[in-house]
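Have a look at the structure below, then the notes.
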Ligand SMILES: [Ca+2]
């Protein structure tokens, strides 16, 4: 009887060992599968993260390009060129502002001689009304400024920069009363920079510089600038009347 029991026990043990090995192998395989899955998810996450970074960089570059367009093209800034130069439209070429509208194609794209650019937006008898955006320096603190182009004297010296005579009317409030002042002065319009420069009409040495944006000819931004330093200390938005 004991012999039979011993045999049975040995048989049961022999059957149990392979079963345990089988369970161990299955668990190991499952762990491997989980590790593989985690590894795959990690790679997917990394790919998504890289794609997001690339999209953010792309968006940033697009934003920079848009800012660049606004700054250099729409606003007509010539920061790419030196102070006495102006850009040939959207190309990278810079030429002297004196070479604009002189009858000779200096820009490779002929931008400097485009007929619509060479038309004076500030011709005689045009009137421009301006309102302050900020004013840190004028004595009168005008709430309204009117610039009238009264004449355009011919000059053999300024072949490109158009000389002008202007009248500047300033309207302000002082002590609850409306006040006005009418000043006359000299000015010139630079076709290259599309800028109207009015010499200081008063002894405060504040000049007015009207900058057209290269797109609209019925409006410009008028900066009040200290003649000596060139610092801008007030800004008015002008519209053609
Ligand atoms: Ca030219």
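Residue numbers (the UniProt record's numbering): 1 to 241.
C-beta: ideal position from N, C-alpha, C; glycine also.
Annotation for residue 99 indicates a beta carbon within 8 Å of some heavy atom of ligand 1. Here residue 238 is buried. Its C-beta has 16 or more other C-beta atoms within 10 Å.
Excluding sequence positions up to five before and after residue 184, its CB lies within less than 6 Å of the CB of 167, all in the same chain and listed in chain order.
Taking residue 161 as the centre and dropping the five residues before and after it, the same chain places the C-beta of 188 and 190 closer than 6 Å to its C-beta, in chain order. Residue state for residue 43 is assigned as helix, using DSSP reduced to three classes. Spanning the alpha carbons of residue 164 and residue 59 requires a straight line of approximately 46 Å. Counting the other Cβ atoms within 10 Å of the Cβ of residue 211 gives 16 or more, which makes it buried. Here DSSP, grouped into helix, strand and coil, assigns residue 183 to strand.
Contact between residue 223 and residue 232 holds: their C-beta atoms lie close to 4 Å from each other, under 8 Å. Residue 201 and residue 213 have their C-alpha atoms some 24 Å from each other. In the three-state reduction of the DSSP assignment, residue 201 falls in the coil class.
Bounds of the alpha helix (DSSP H) holding residue 116 are 115 to 118.
Residue 234 holds the alpha-carbon nearest to the alpha-carbon of residue 133 among 43, 29, 31 and 234. Non-local beta-carbon contacts of residue 106 in its own chain, meaning distances under 7 Å to residues more than five positions away in sequence, involve 95, 99 and 112 in chain order. For residue 179 and residue 93, the gap between their C-alpha atoms comes out near 48 Å.
Residue burial is scored here from C-beta neighbours: residue 128 has at least 16 other C-beta atoms within 10 angstroms and is therefore classed as buried. In this structure, ligand 1 has a non-hydrogen atom nearer than 8 Å to the beta-carbon of residue 113.
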